[in-house]
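Asker:
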Amino acid sequence: MWALLGPTNTGKTHLAIERMLGHETGMIGLPLRLLAREVYDRVKVSAGAQNVALITGEEKIIPDNPRYWVTTVESMPTGITVDFVAIDEIQLAADPERGHVFTNRLMHMRGELETLFLGSDTIKGRIRDLVKNCRFEQRPRFSELSYAGPKKITRLPRRSAVVAFSSDQVYAIAELIRRHRGGAAVVMGALSPRTRNAQVALYQSGDVDFIVATDAIGMGLNMDVDHVAFASLEKFDGQRHRSLSAAEIGQIAGRAGRYMNDGTFGVTADALPLDNEQVEEIEEHRFEAVRMLMWRNAAMDFSSVETLFKSLETPPPARGLMRARHATDAAALALMARDERVQPMAKGTEAVTRLWEVAQVPDFRKVMIDEHASLLSNIYGHLMRTDGGSAGVIPEDWFSTQTKRTDRTDGDIDTLASRLAHIRTWTYVANRADWLSDPAYWQGVTRAIEDRLSDALHERLTQQFIDRRTSMLLKRLQLREDLMASVSADGEVIVEGEFVGRLAGLVFVPDPRAEGLDGKALRAASDKAVTGEIEERARRLVAAADDAFELTEHGRIMWENAPVGRLVVGADRLSPKTDIITGEELQAVERLAVIQRMDTWLAAHIAKVLEPLIKLRDAEDVTGIARGVAFRLVEALGAIRRDEAAEDITSLAQPDRAMLRKHGVRFGAFSIFMPTLLKPAPAHLILLLHGVQEAQGGTIDLPTPPAPGLTSAAVEAGVPDFFYPALGFRVCGPRAVRLDMLERLADAIRPKIAARAELGQGFGGAGFTADADLMSLVGCSGEVFDGLLASLGFKPHKISVRKMPEPEAKADAKQNTKAEATTSEPSAPAAEQASETPPQQPSETVPETSAIEDTPAAVDSPAEATPETSVPPAPEAETEATPDGDSPETAEATSETSAEDDGMEEIVLWRPARKGRPAPNRNRGTGKGKQASSGDAEKADDKPRGPRNQKGRGPKGKGKSGGKKQGKPAHASARPPRADKPVDPDSPFAVLSQLKSKS
Numbered sequence: 001m002w003a004l005l006g007p008t009n010t011g012k013t014h015l016a017i018e019r020m021l022g023h024e025t026g027m028i029g030l031p032l033r034l035l036a037r038e039v040y041d042r043v044k045v046s047a048g049a050q051n052v053a054l055i056t057g058e059e060k061i062i063p064d065n066p067r068y069w070v071t072t073v074e075s076m077p078t079g080i081t082v083d084f085v086a087i088d089e090i091q092l093a094a095d096p097e098r099g100h101v102f103t104n105r106l107m108h109m110r111g112e113l114e115t116l117f118l119g120s121d122t123i124k125g126r127i128r129d130l131v132k133n134c135r136f137e138q139r140p141r142f143s144e145l146s147y148a149g150p151k152k153i154t155r156l157p158r159r160s161a162v163v164a165f166s167s168d169q170v171y172a173i174a175e176l177i178r179r180h181r182g183g184a185a186v187v188m189g190a191l192s193p194r195t196r197n198a199q200v201a202l203y204q205s206g207d208v209d210f211i212v213a214t215d216a217i218g219m220g221l222n223m224d225v226d227h228v229a230f231a232s233l234e235k236f237d238g239q240r241h242r243s244l245s246a247a248e249i250g251q252i253a254g255r256a257g258r259y260m261n262d263g264t265f266g267v268t269a270d271a272l273p274l275d276n277e278q279v280e281e282i283e284e285h286r287f288e289a290v291r292m293l294m295w296r297n298a299a300m301d302f303s304s305v306e307t308l309f310k311s312l313e314t315p316p317p318a319r320g321l322m323r324a325r326h327a328t329d330a331a332a333l334a335l336m337a338r339d340e341r342v343q344p345m346a347k348g349t350e351a352v353t354r355l356w357e358v359a360q361v362p363d364f365r366k367v368m369i370d371e372h373a374s375l376l377s378n379i380y381g382h383l384m385r386t387d388g389g390s391a392g393v394i395p396e397d398w399f400s401t402q403t404k405r406t407d408r409t410d411g412d413i414d415t416l417a418s419r420l421a422h423i424r425t426w427t428y429v430a431n432r433a434d435w436l437s438d439p440a441y442w443q444g445v446t447r448a449i450e451d452r453l454s455d456a457l458h459e460r461l462t463q464q465f466i467d468r469r470t471s472m473l474l475k476r477l478q479l480r481e482d483l484m485a486s487v488s489a490d491g492e493v494i495v496e497g498e499f500v501g502r503l504a505g506l507v508f509v510p511d512p513r514a515e516g517l518d519g520k521a522l523r524a525a526s527d528k529a530v531t532g533e534i535e536e537r538a539r540r541l542v543a544a545a546d547d548a549f550e551l552t553e554h555g556r557i558m559w560e561n562a563p564v565g566r567l568v569v570g571a572d573r574l575s576p577k578t579d580i581i582t583g584e585e586l587q588a589v590e591r592l593a594v595i596q597r598m599d600t601w602l603a604a605h606i607a608k609v610l611e612p613l614i615k616l617r618d619a620e621d622v623t624g625i626a627r628g629v630a631f632r633l634v635e636a637l638g639a640i641r642r643d644e645a646a647e648d649i650t651s652l653a654q655p656d657r658a659m660l661r662k663h664g665v666r667f668g669a670f671s672i673f674m675p676t677l678l679k680p681a682p683a684h685l686i687l688l689l690h691g692v693q694e695a696q697g698g699t700i701d702l703p704t705p706p707a708p709g710l711t712s713a714a715v716e717a718g719v720p721d722f723f724y725p726a727l728g729f730r731v732c733g734p735r736a737v738r739l740d741m742l743e744r745l746a747d748a749i750r751p752k753i754a755a756r757a758e759l760g761q762g763f764g765g766a767g768f769t770a771d772a773d774l775m776s777l778v779g780c781s782g783e784v785f786d787g788l789l790a791s792l793g794f795k796p797h798k799i800s801v802r803k804m805p806e807p808e809a810k811a812d813a814k815q816n817t818k819a820e821a822t823t824s825e826p827s828a829p830a831a832e833q834a835s836e837t838p839p840q841q842p843s844e845t846v847p848e849t850s851a852i853e854d855t856p857a858a859v860d861s862p863a864e865a866t867p868e869t870s871v872p873p874a875p876e877a878e879t880e881a882t883p884d885g886d887s888p889e890t891a892e893a894t895s896e897t898s899a900e901d902d903g904m905e906e907i908v909l910w911r912p913a914r915k916g917r918p919a920p921n922r923n924r925g926t927g928k929g930k931q932a933s934s935g936d937a938e939k940a941d942d943k944p945r946g947p948r949n950q951k952g953r954g955p956k957g958k959g960k961s962g963g964k965k966q967g968k969p970a971h972a973s974a975r976p977p978r979a980d981k982p983v984d985p986d987s988p989f990a991v992l993s994q995l996k997s998k999s
């Protein structure tokens, strides 16, 4: 009888197997079912399967007349005589849960010729006290074990084992390693031996370089581990959370460094570094000796339940032994004994013996002890039945129902692990030969279910925690092997059959699943193929036709459905530059060629989409003041507000206007713009060009433009100031209105003002009401439309006026009073050009006071023509005399007709807002419309204004009828004829004159 003691990696188990095979018969007890299976496979190879038996709680393989028995310590048969007996990890006799079983084997299991105890030298003193005539032998560790300190999980060396003490922590660490290092195998006590073996095989084969495990790794699992990292130094022992002892740390850390290879250990994750004293104890294998061994009386008295409990409470027979606390089987027995279903049946030695056997069924499910005891009571009840065909055994239909509930392989890892724990319970039951009528059949059924669940769980663990693609690449790269890499037609980069990324244009985009994991290794594996493909794409891009490129709303240049360039600031808004989007694969010369090709395409694209603007910029026939207006239009990319260019517009001669009109420029009441640029394509490009200038090389992030076809849109908060003007809209209060629709609105307002002015002050004078026709032009109504008008310079006046006559009556009145004037007035041509005419102020008015009221219908006519023909302004003197906006005539008419309610109506009349009137004498001959000095203005304002008259007008037939007060009053300094400006042949007055001459 002897004991071979020492640290891990001393070859103790290997020696015990060799000693057993040297005897005719033998038995070895091992601490784990997994280790028992490993030893069984080794002995079977040496002695033959027909000579080796395997007995565990869940598995029994017993051939006829076996010579060697490989078992777990709990399953060691006591009625068999063999020559050799060995018990591994004998120091577990101090374990609170299982220790009493190891103590019993230490004290009572003997071989006829040889008995060998294997374990740590911490138990040496207790063996000496309990086992007489036992000799001791110690063996040094084959390799050195040293402390490596703390390391991040992502920085752990290859061939490392990470130890944690909860399934949640094991899964979290395995997932982290998968993302950063390619994957890890998982080993836990809750896994079936088949699943654990499969996971260990992944590690041993090199498919993964890491294994994450619980402390189950510390007992007999022989693996090629170089480093053991503790993610925690605390564990729950079934009663409380406690710190690991130095001996426990040393037992687990000893897995590092197998045979002659040195190993290291350390901490990781949230574990605190070990102190120097602990490190020395572990490195030198100096641990505190075991003081007490767990003991439980093995001589049970099964006469009754009471005597059974008394025998379990028998005190230890020797010093150094401690009565084991209530283990799971004892706790289950206590609950079953109180069960009213069990009490009547648990009478007599045989019944109590069976009760104890049932209580020893392990709690594989790790549920509450009450639930576990309830299941055992059901099993005991079936075994104790005395009626029916299944008396004394578990009914097959009930047992079949229990097993079928677990026979499913769907679900996640936790679901499969739970089913596996359930089937392990039924596998244990099936291996009790006298509990089922056909135990061999049910052993096969439960084993098959357990295998299916084990395989499914292994597959889920592999899918969840192992990235096979990355593991393969790293393995090949570590061996410095050349990898086959290629790029498919759709840009997929394949290395050794595995997808590692994709080419998007001229950029290699690694697979996001490989993020953080050896990105350099992946790039190294695919770099040659990727570089060659990107260079080839660059050559194709340089040779591509213009229609192969597209421009996105965010300023990206697309080629073959991928971004290859982006817009950056150039010399001006119309001349942006491009920058290439690529990685480091292209050389400087190739980059420059791509950029030059994109610059060429972009210039051609802008010239095509914004052709009118480019032609205006480059026009040689636009000179003088017109060139200045054209420059401002080009600088603003096609549209400027009329009031911002009033002085230049007023100074334009008719030939200058004709030059600009020929290039597509429209002179509107509110804007000077190019209508062709309001279409979606040019408008969106103009917006993008503004965005490039504002972004200054940063990201171009523009709001979504209004849908094509919309004439107006609600103004969104937070948009850039250039957003709506760039799209050809003007912000009018709460609404942004397209420029051409604003001009149509002006065209519609102008005749309405003229119509009321002609009917006299009784109808409100010069002004208009907001009706549905006007609102429909800009797509809004109510307060929104009122705000729009107010933003354009109109002011509302709520007054009572005579009702407007019906259209027929109105037409008759016009015909009777102004027949001669109507036949000679150029109203039709003027109406066609109304919205294109710039404001032309008479000598006594402030420039640009109202684009509607003061804009003549055909101001581009020669100077001899009547200055204002489309909308005569309301008499200013009378208007200014009444603060509320009503003229004296209006007030008088209102008072005279107040009794006639049916002939009056209350309306909101909109009138153009007027500025304060300057001095009437302006030197138009030399100052071109500039106001007189302030002193003159004050003098003029002090003088009462006389009635307006016809002085300065042309002959009758060229204007309105003489009976009306029209036009502006003449002044002492009459405006000289503008003979220096020839008549514009395109003017509507010239056309009208030609028509009259023909008639």
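Here the sequence shown is numbered in the UniProt record's numbering, starting from 1 and rising by one per residue.
Every residue gets a Cβ at the ideal spot worked out from N, C-alpha and C, and that includes glycine.
Let's see if you can read the secondary structure: which residues bound the beta strand (DSSP E) around residue 713?
Answerer: Taking the sequence shown and counting its residues from 1, one reaches residue 713 at position 713. Residue 713 -> beta strand (DSSP E) spans 712-714.
Asker: Can you give me the Cβ contacts of residue 58 inside the same chain, cut-off strictly under 7 Å, excluding the 5 residues immediately before and after it?
Answerer: Sequence index remark: in the sequence shown, residue 58 carries index 58 (1-based). If we look at residue 58 and ignore the five residues flanking it on each side, its Cβ neighbours are 33, 424, 427, 428 and 431.
Asker: Do the region 536-551 and the region 595-602 make contact, defined as three or more Cβ pairs closer than 8 Å?
Answerer: Judged by Cβ distances under 8 Å, the region 536-551 makes contact with the region 595-602, as three or more pairs qualify.
Asker: Determine the burial state of residue 199: buried for a count of at least 16 other Cβ atoms within 10 Å of its Cβ, exposed for fewer.
Answerer: Stepping through the sequence shown from its first residue, residue 199 is reached at position 199. Counting Cβ neighbours within 10 Å, residue 199 comes out buried, since at least 16 surround it.
Asker: Can you find at least 3 beta carbon pairs, one from the region 125-139 and one from the region 230-240, that sit closer than 8 Å?
Answerer: Short answer: they don't touch.
Asker: Express the C-alpha separation of residue 492 and residue 688 in angstroms, rounding to a whole number.
Answerer: By one-based count along the sequence shown, residue 688 stands at place 688. By one-based count along the sequence shown, residue 492 stands at place 492. Using only the alpha carbons, I get a separation of about 32 Å.
Asker: DSSP three-state call for residue 555: helix, strand or coil?
Answerer: Position 555 of the sequence shown holds residue 555. It is coil, neither helix nor strand.
Asker: Is residue 377 closer than 7 Å to residue 336 when the C-beta atoms are compared?
Answerer: The count along the sequence shown starts at 1 and reaches residue 336 at position 336. The count along the sequence shown starts at 1 and reaches residue 377 at position 377. For residue 336 and residue 377, yes; Cβs fall inside 7 Å.
Asker: Taking the straight line between their C-alpha atoms, what separation do you get for residue 87 and residue 289?
Answerer: By one-based count along the sequence shown, residue 87 stands at place 87. By one-based count along the sequence shown, residue 289 stands at place 289. The straight-line gap from Cα to Cα measures roughly 19 Å.
Asker: Locate the alpha helix (DSSP H) running through residue 323, then write down its first and last residues.
Answerer: Residue mapping note: residue 323 aligns to position 323 of the sequence shown, counting from 1. From DSSP, residue 323 is part of no alpha helix (DSSP H) but of the beta strand (DSSP E) over 321-323.
Asker: Please classify residue 91 as buried or exposed, where buried requires at least 16 other C-beta atoms within 10 Å of its C-beta.
Answerer: What you label residue 91 is simply residue 91 of the sequence shown in a count that begins at 1. That one is buried.
Asker: Output the distance between the C-alpha atoms of residue 549 and residue 529, rounded to the nearest integer angstrom.
Answerer: Locating residue 549 in the sequence shown gives position 549, where the first residue counts as 1. Locating residue 529 in the sequence shown gives position 529, where the first residue counts as 1. Rounded to the nearest angstrom, the two C-alpha atoms are 25 Å apart.
Asker: Kindly list the residues whose CB is nearer than 6 Å to the CB of residue 353, restricted to its own chain and excluding five residues on each side of it in sequence; keep chain order.
Answerer: Here residue 353 is taken as the residue at index 353 of the sequence shown, counted from 1. 302, listed in sequence order.
Asker: Spatial neighbours of residue 838 within its chain, please: CB distance less than 6 Å, with the 5 preceding and 5 following residues excluded, ordered by chain position.
Answerer: Start at 1 with the first residue of the sequence shown, and residue 838 comes out as number 838. Its pLDDT being 38, under 50, residue 838 is placed unreliably by the model, and nothing is read from it.
Asker: Please determine, among 347, 676 and 637, the residue with the shortest C-alpha to C-alpha distance to residue 307.
Answerer: The residue labelled residue 307 in the question sits at position 307 within the sequence shown. Selected option, being the one with the closest Cα: 347.
Asker: Excluding the 5 residues flanking residue 227 on each side, which residues of the same chain have their C-beta closer than 6 Å to its C-beta?
Answerer: Stepping through the sequence shown from its first residue, residue 227 is reached at position 227. Excluding residues within five positions, the ones whose Cβ falls inside 6 Å are 157, 160, 256 and 264.
Asker: Using three-state DSSP, classify residue 601 as helix, strand or coil.
Answerer: For the purposes of this step, residue 601 is identified with residue 601 of the sequence shown, where counting begins at 1. Correct three-state label for residue 601: helix.
Asker: By DSSP, does residue 71 sit in helix, in strand, or in coil?
Answerer: As a position in the sequence shown, residue 71 is number 71, starting the count at 1. DSSP places residue 71 in strand when its eight states are reduced to three.
Asker: Round the Cβ separation of residue 266 and residue 8 to the nearest angstrom and send it over; I've been treating them as touching at under 8 Å.
Answerer: Numbered from its first residue, the sequence shown carries residue 266 at position 266. Numbered from its first residue, the sequence shown carries residue 8 at position 8. Actually they do not touch by this definition, with Cβ atoms about 17 Å apart.
Asker: Can you find the residues in the same chain that come closer than 7 Å, C-beta to C-beta, to residue 790, ignoring five residues on each side of it along the sequence?
Answerer: As a first step, residue 790 is located in the sequence shown; it is residue number 790 there, counting from the start. These residues qualify, in order along the chain: 733.
Asker: Under three-state DSSP, which class holds residue 527?
Answerer: In the sequence shown, the residue the question calls residue 527 occupies position 527. Correct three-state label for residue 527: helix.
Asker: By how many angstroms is the C-alpha of residue 632 removed from the C-alpha of residue 540?
Answerer: Position 540 of the sequence shown holds residue 540. Position 632 of the sequence shown holds residue 632. About 40 Å.
Asker: Tell me, which residues are paired with residue 86 by DSSP?
Answerer: Within the sequence shown, numbered from 1, the residue matching residue 86 stands at position 86. Answer is 28 and 116.
Asker: Specify whether the region 665-681 and the region 549-563 touch according to this definition: at least 3 beta carbon pairs, one from each stretch, less than 8 Å apart.
Answerer: No, because fewer than three Cβ pairs between the region 665-681 and the region 549-563 fall closer than 8 Å, the two stretches do not touch.
Asker: What is the DSSP secondary structure of residue 5, reduced to helix, strand or coil?
Answerer: Indexing the sequence shown from 1 puts residue 5 at position 5. Three-state DSSP puts residue 5 in a strand.
Asker: Measure the CB-CB distance between residue 393 and residue 454 and report whether it falls below 7 Å.
Answerer: Here residue 393 corresponds to residue number 393 of the sequence shown, with the count starting at 1. Here residue 454 corresponds to residue number 454 of the sequence shown, with the count starting at 1. Against a cut-off of 7 Å, the Cβ pair of residue 454 and residue 393 comes out as no contact.
Asker: Tell me, please, whether the region 71-89 touches the region 14-30 by the rule of three or more beta-carbon pairs shorter than 8 Å.
Answerer: Yes, the region 71-89 is in contact with the region 14-30.
Asker: Check whether the Cβ of residue 133 lies closer than 7 Å to any Cβ atom in chain D.
Answerer: Absent from the structure: chain D. Only one protein chain is present.
Asker: Leaving out five residues before and five after residue 124 in sequence, what residues of the same chain have Cβ atoms less than 8 Å from its Cβ?
Answerer: As a working mapping, residue 124 is identified with position 124 in the sequence shown. 3, 5, 136 and 289, listed in sequence order.
Asker: With a threshold of 8 Å, are at least 3 pairs of Cβ atoms found where one atom belongs to the region 651-665 and the other to the region 610-620?
Answerer: The region 651-665 vs the region 610-620: in contact.
Asker: Using only CA atoms, which one of 332, 357 and 380 lies nearest to residue 372?
Answerer: For the purposes of this step, residue 372 is taken as the residue at position 372 of the sequence shown. Selected option, being the one with the closest Cα: 332.
Asker: If the criterion is Cβ atoms closer than 7 Å, does the pair residue 711 and residue 741 meet it?
Answerer: Your numbering for residue 711 matches position 711 in the sequence shown. Your numbering for residue 741 matches position 741 in the sequence shown. Yes; because the gap between Cβ atoms is below 7 Å, this pair is in contact.
Asker: Rounded C-beta distance between residue 756 and residue 772? I'm assuming under 8 Å.
Answerer: One-based indexing of the sequence shown puts residue 756 at position 756. One-based indexing of the sequence shown puts residue 772 at position 772. With a Cβ gap of about 18 Å, residue 756 and residue 772 do not count as contacting.
Asker: Below 7 Å between beta carbons: does that hold for residue 187 and residue 153?
Answerer: The sequence position of residue 187 within the sequence shown is 187, counting from 1. The sequence position of residue 153 within the sequence shown is 153, counting from 1. Not a contact, by the Cβ cut-off of 7 Å.
Asker: Assuming contact is defined by CB atoms lying nearer than 7 Å, are residue 508 and residue 583 in contact in what I supplied?
Answerer: In the sequence shown, residue 508 corresponds to position 508, counting from 1. In the sequence shown, residue 583 corresponds to position 583, counting from 1. A contact, by the Cβ cut-off of 7 Å.
Asker: Would you decide whether residue 363 is buried or exposed? Buried here means 16 or more other CB atoms lie within 10 Å of its CB.
Answerer: For the purposes of this step, residue 363 is identified with residue 363 of the sequence shown, where counting begins at 1. Residue 363 should be labelled buried.
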